[in-house]
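Residue numbers (the UniProt record's numbering): 1 to 423.
Virtual Cβ for every residue (Gly too), placed ideally from N, Cα, C.
No experiment lies behind these values; they were computed from the predicted model shown.
See below for the structure under consideration.
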Amino acid sequence: MSAEHGQASAPFEVIIVGGGMVGSTLACLLGRAGMAVALLDAREAPLDRDTVGEGAPSQRVSALTPVSRQLLEGLGAWAWMASRRVSPYRFMRVWDGEGSGEVNFSAEQAGLPVLGHIVENDVILAALEACLAELPSVETRFAARVSEIEEDAAGQTVKLEDGRRLTAPLVVAADGARSPLRAMVGIDVRARDTGQVAVVTTVRTRLAHGGVARQVFLPTGPLAFLPLRIEGDTRYCSIVWSTTPQEAERLVALPRDTLGVELADAIEHRLGEVTVTDRALAVPLTQRHAERYVLPGFALVGDAAHSIHPLAGQGVNLGLMDAAVLAEELLTGRQRGLSLGDATLLGRYARRRRGDNANILTLMDGFRLLFGARHPAFILARNLGLSGVDRLGPLKRLLMQQATGHRGRLPRACRPLSRLDAG
């Protein structure tokens, strides 16, 4: 259900600001339980679901874990996504471009049919919008920009730029890494410039990728070839090349044929000739973590709470887990008759998510520093380490659990079925 004008006649239980993948997932989870939700989206209109997933693939993709897939399946979004395009990968190869160290992961070793899926962000969001359209208790408002938030006797009141006001016991900020709402309520964030910029584009390779996600660590940063399946063609890959700002500026300015040659060289010609099929974009990489995730009547989810280096492809998966945990705690609190803005209730969400996210951020920092080190001793140590991981079964399984999302206490909506097919 959507409304473009006027004040809703019934009060809302939750106001979600930000209609991206994480905010929409949270709205779906709450709406399926019949909770009255206002979803405020700054975009002018929803995606055109008739054209999403058609033609050339988008440069913006996510690597979804099996746990994230389980969540999206439960919402009814996965079937829509699979009807457009999702690209499974069953293997992952990681190697050091300055040595012989290499580690290989397989879905079979993890006891899974696939390690994950590469999916265009627009395909994920369009599927969630299709789900939202079927939920009568969720009201989506587009072109809705928040100018102010204040607490009063009725709860949290959000004022929009057009003068409309909405009130609910709880406001959730899902409005991105630079979250205006987070700043409005005065939550500080620890931000650190990683010194890197991600160059993203799409390529077609001469050799089929074979459902393998490849990542090579280069002197300037990691380069990932993420497998895409476009109308049955398995020679497309999404590129994420994290490098220095100066090198990123040089790469995006290159003619496409020259960039293709450099990509083929960088990946040691493992996929043969590389043809760049879309323009290259440069995305600055800043790591952020909010000092706190909640205040009475207020919560952060997704990139508004944390943003990480794309090294392990965990960004959107962490955000989806935020949404699932917050929804679980809110629904439990609602059953117990608690106010949804209750500080103790929201504190349970924060305790379940902030520590786990902090651990992932710390781990990514460690990888970045280790593989960014230029000293010969570090290069030797990490090559020995990669080769050692490849031979040590228990450590390898632990890393695969992290990569596939099977860690810690999963919310009910994310608990995997006994088996998921590979589609």
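- When the beta-carbon positions are compared, Ile230 and Leu263 stay at least 8 Å from each other.
- The C-beta separation of Gly116 from Arg85 comes to about 15 Å, leaving the pair out of contact by the 8 Å criterion.
- Within the same chain, Cβ atoms closer than 7 Å to the Cβ of Gly297 are found at Glu151, Gly155, Gln156, Pro169, Leu170, Val171 and Gly341, the five residues on either side in sequence being excluded.
- The alpha-carbon separation between Val252 and Met184 amounts to approximately 35 Å.
- For Gln109, the uninterrupted alpha helix (DSSP H) segment begins and ends at Ala107 to Ala110.
- Between Asp41 and Phe142, the C-beta gap is smaller than 8 Å, which places the two residues in contact.
- Out of Trp80, Glu98, Pro136 and Ala133, the CA that lies nearest to the CA of Val119 is found in Trp80.
- Between the region 320-339 and the region 23-39 there are three or more C-beta pairs closer than 8 Å, enough to call the two in contact.
- Scanning the region 222-267 for uninterrupted beta strand (DSSP E) segments of 3 residues or longer gives 233-243, listed from N- to C-terminal end.
- For His209, the number of other beta carbons within 10 angstroms of its own is at least 16, and it is reported as buried.
- Residue environment analysis places Asn317 among the buried positions, since at least 16 neighbouring C-beta atoms fall within 10 angstroms of its C-beta.
- Taking each of Ser339, Ala248 and Phe12 in turn and checking the Cα distance to Val200, the smallest one comes out for Ala248.
- Checking the DSSP bridge columns, you'll see Gly155 partnered with Asp152.
- Counting along the chain, the unbroken beta strand (DSSP E) around Asp193 starts and ends at Val189 to Thr205.
- The bridge partners DSSP lists for Val172 are Ile16 and Ala299.
- Restricting attention to Val22, Ser68 and Trp95, the CA atom closest to the CA of Arg270 is found in Trp95.
- In terms of CA proximity to Arg348, Arg292 leads the group Leu47, Arg292 and Leu166.
- The Cβ atoms of Pro66 and Val114 lie closer than 8 Å to each other.
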